[in-house]
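Residue numbers (UniProt numbering): 1 to 252.
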């Protein structure tokens, strides 16, 4: 079979805010790269939702009036105003985490007033508020930075185009019982690639199944891609511990 692969769409919150860490720039970029690697190294067709390639985050709206999604507005009124089973603060926190409008804010093209979605001097504002962090997270800021989330996505896409094993190889799960590390292989004929990703905000030991596959370690030439850098990946494998949000693609 062939799967459609995605984390984000117009009905889902941003993956970096939902399962990653958007509290600071380093954490946001690392977790965005980790989830990007996980998605694009799988067998199937990966979908990139607008701004996902930049590491765009949830909007973190603080007032109900900022929302446009009727589902969110009605849920607030039902639970807070009618049933009174939830406090305004907890409901707003819930919407800030999983509300659909989090993924519907304008694409962040640049640091101008409306993020380049519409001219900064436009007479009318976009239909929904622009995420305030667009001054830092935007396409213009990332396009020429090879270490940005955007730069990393370019590498992921190039690998899917250039590496037949990544594009069409068989998929097999490794270390199914690990609660921190998601690992799998892609195989095509005699060629095997191992993908190992720490999907947590803390360091994680390599699962035994992964360590067994890697034997005495790996050379820099075997690291095809890393969410940190190649040298960091080699050292992590050697000591048997991945840093937070560290992912490596390894040629076996």
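Virtual Cβ for every residue (Gly too), placed ideally from N, Cα, C.
Whole-angstrom distance between residue j and residue i, CA atom to CA atom
i: residue 4; j: residue 231; result: 33 Å
i: residue 106; j: residue 72; result: 18 Å
i: residue 104; j: residue 10; result: 6 Å
i: residue 32; j: residue 89; result: 28 Å
i: residue 67; j: residue 129; result: 9 Å
i: residue 163; j: residue 48; result: 19 Å
i: residue 237; j: residue 85; result: 49 Å
i: residue 161; j: residue 54; result: 20 Å
i: residue 165; j: residue 188; result: 5 Å
i: residue 181; j: residue 249; result: 13 Å
i: residue 81; j: residue 15; result: 30 Å
i: residue 247; j: residue 79; result: 40 Å
i: residue 115; j: residue 64; result: 22 Å
i: residue 51; j: residue 134; result: 11 Å
Buried versus exposed, by CB contacts within 10 Å (16 or more), residue i
i: residue 57; result: buried
i: residue 242; result: buried
i: residue 76; result: buried
i: residue 125; result: exposed
i: residue 208; result: exposed
i: residue 227; result: buried
Proximity below 7 Å, CB of residue i to CB of residue j
i: residue 272; j: residue 96; result: There is no way to answer for residue 272, as the model of the chain reaches only from 1 to 252.
i: residue 185; j: residue 199; result: no
i: residue 37; j: residue 197; result: yes
i: residue 110; j: residue 140; result: yes
i: residue 153; j: residue 142; result: no
i: residue 183; j: residue 218; result: no
i: residue 30; j: residue 245; result: yes
i: residue 24; j: residue 69; result: no
i: residue 137; j: residue 13; result: no
i: residue 251; j: residue 225; result: no
i: residue 234; j: residue 220; result: yes
i: residue 240; j: residue 205; result: yes
Note to self: Within 8 Å, do at least three Cβ pairs link the region 36 to 45 to the region 164 to 173?
What the structure shows: yes
Check: Which runs of the beta strand (DSSP E) fall wholly inside the region 146 to 233 and span at least 3 residues, in chain order?
Finding: 170 to 174, 181 to 188, 191 to 198, 223 to 226
Next item on the list: With a floor of 4 residues, list each alpha helix (DSSP H) that falls wholly inside the region 45 to 117, ordered by position along the chain.
Entry: 70 to 76, 88 to 98
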